[in-house]
Amino acid sequence: MSRAEPQFDELYREVILDHYRRPRNAGTLEAPTHQAEGANPVCGDEIELHLAVEGDVICEMAFRGQGCSISQSSASMMTERVCGGTIDEARRVMRLFEAQLVDAAEPDPALGDLEALQGVAQFPVRVKCALLCWKVLREALNIDETEHARTSQGD
14 MSRAEPQFDE LYREVILDHY RRPRNAGTLE APTHQAEGAN PVCGDEIELH
64 LAVEGDVICE MAFRGQGCSI SQSSASMMTE RVCGGTIDEA RRVMRLFEAQ
114 LVDAAEPDPA LGDLEALQGV AQFPVRVKCA LLCWKVLREA LNIDETEHAR
164 TSQGD
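Numbering follows the numbering used here, with no gaps: position 113 of the sequence shown is 126.
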């Protein structure tokens with residue numbers, strides 16, 4: 014599939030706008046077991062993330078924030094994709110998503126709607142917008158940056 018095909022660009026644009034206009038899992042959790050927040054001071058994007066984790070399963074997620082359509086859509090798509098899965102699965106999806114944006118890797122089918130953000134890779138300044146919620150998720154789950162770098166190189 015060539016990303017130059019207009020019908021795919023339009024489809025991806027619609028997916029992003031739909032998540033921006035109607036974010037999934039927006040709000041807060043009453044009793045989160047994990048939470049973190051982050052901001053991109055360059056553009057003003059902000060994300061606060063709440064999680065309810067039981068054992069190693071992410072049972073509930075909610076986010077609130079403000080910012081561009083890319084940061085807010087990415088957060089909505091992220092919560093939809095990783096909620097209900099294990100922490101290890103969240104790590105795996107995080108690596109796949111970052112590879113798609115940072116390393117220009119082909120999107121993995123495991124990403125689901127997150128594939129729509131593939132085009133952001135062409136705009137390095139916007140990559141930070143798309144990755145903000147993932148950075149906050151990493152912090153909330155206490156995923157060490159060095160562990161992340163080490164495991165992503167092994168994939």
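We treat Cβ as the ideally placed atom computed from N, Cα and C, and that holds for glycine. Predicted, not measured: the structure shown is a model, and the values here were computed from it.
For residue j and residue i, believed in contact at Cβ under 8 Å, the rounded distance
| i | j | result |
| --- | --- | --- |
| V149 | L62 | 5 Å |
| F110 | L124 | 6 Å |
| S139 | T92 | Residue identity differs from the one stated: residue 139 is Arg in this sequence, not Ser. Incorrect: roughly 20 Å between the Cβ atoms, too far for contact. |
Same chain only: Cβ atoms within 8 Å of residue i, ignoring 5 sequence neighbours per side
| i | result |
| --- | --- |
| I29 | S82, I83, S86, A129, L130 |
| I71 | L64, A65, V95, C96, G97, G98, T99, I100, A103 |
| D116 | none |
Selection from the options that minimises the alpha carbon distance to residue i
| i | options | result |
| --- | --- | --- |
| R151 | V138, Q48, A44, P36 | Q48 |
| W147 | P122, L114, G40, V66 | L114 |
| A134 | A118, I156, L124 | A118 |
| L144 | M90, D121, P122 | M90 |
| D40 | C142, V55, Q79 | A small fix is needed here, since residue 40 is Gly in this sequence, not Asp. Here the closest residue by C-alpha is Q79. |
| F76 | H32, V55, D69 | H32 |
| E43 | R105, E67, P122, M74 | M74 |
| I60 | E67, E50, E27 | E50 |
| R26 | K141, C142, D126 | D126 |
| L52 | E67, L154, C142, N155 | Position check: residue 52 holds Ala in this sequence, whereas Leu was assumed. Selected option, being the one with the closest Cα: C142. |
| L154 | A88, D69, P122 | D69 |
| R35 | A88, E67, R105, I156 | A88 |
Cutoff 7 Å; reference residue i; Cβ partners in own chain excluding five residues on either side
| i | result |
| --- | --- |
| P45 | H63, L64, A65 |
| P120 | Q113, E128, Q131 |
| I156 | R104 |
| P122 | none |
Limits of the alpha helix (DSSP H) - the one that residue i falls within
| i | result |
| --- | --- |
| L130 | It is not in any alpha helix (DSSP H) - L130 carries neither H nor E in the DSSP assignment. |
| F110 | 100-115 |
| R94 | 82-95 |
Terminal residues of the beta strand (DSSP E) in which residue i lies
| i | result |
| --- | --- |
| L144 | Taken as a continuous stretch (DSSP letters only), L144 belongs to no beta strand (DSSP E), being part of the alpha helix (DSSP H) at 137-153. |
| L64 | 58-67 |
| V55 | From DSSP, V55 is part of no beta strand (DSSP E); its letter is neither H nor E. |
| E73 | 70-79 |
Other residues of its chain near residue i: CB distance less than 6 Å, five sequence neighbours each side excluded
| i | result |
| --- | --- |
| R16 | Annotation note: pLDDT 47 at R16 (below 50); position unreliable, no value reported. |
Beta-bridge partners of residue i, as assigned by DSSP
| i | result |
| --- | --- |
| A39 | F76 |
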